[in-house]
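Residue numbers 643 to 706, in this note's numbering, belong to the letters of the sequence shown in order. Reading through the structure tokens given below for one structure.
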Amino acid sequence: MKNKILNELIKGVGLGLLLSVPAIILLNVLSKNMTELLVASSFILVVLCILMVLLVTDKNEIKK
643 MKNKILNELI KGVGLGLLLS VPAIILLNVL SKNMTELLVA SSFILVVLCI LMVLLVTDKN
703 EIKK
């Protein structure tokens, strides 16, 4: 049970990180202000990781 939840979390966070890399690179190119870049990139990282965890997690699998 615990192992399944951990597996789903790792999958979701990994996908979120993979998807956020191009967005952060694009921000780096567009942004001139360093603090703005840091805030925006951390926000993108967190949001994408949460979204991916919610999308990847198979609710039926965890309930078993």
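Think of the CB as a built atom: it goes at the ideal place given N, C-alpha and C, for glycine as much as any other residue. Computed from a predicted model, the values in this text were never measured in an experiment.
Considering only residues of the same chain and omitting the five flanking positions on each side of residue i, which have a CB-CB separation below 8 Å?
i, result
"Leu-660", "none"
Less than 8 Å between the beta carbons of residue i and residue j, yes or no?
i, j, result
"Gly-654", "Val-695", "yes"
"Ile-692", "Ala-665", "no"
"Leu-679", "Leu-669", "yes"
Given a threshold of 16 other Cβ atoms within 10 Å of its Cβ, counted over all protein chains shown, does residue i qualify as buried or as exposed?
i, result
"Leu-697", "exposed"
By Cβ distance below 6 Å, which residues in the same chain neighbour residue i in space, the five residues on each side in sequence not counted?
i, result
"Ser-690", "The amino acid at residue 690 is misidentified as Ser; the sequence shows Leu. Same-chain partners within the cutoff: Gly-658, Leu-661 and Ser-662."
Can you name, in chain order, every residue of its own chain whose Cβ lies under 7 Å from the Cβ of residue i, other than the five neighbours on each side?
i, result
"Thr-699", "Glu-650 and Gly-654"
Quiz prompt | Sequence ranges, alpha helix (DSSP H) only - wholly within the region 674-702, length at least 4 | solution = The qualifying runs are 676-698.
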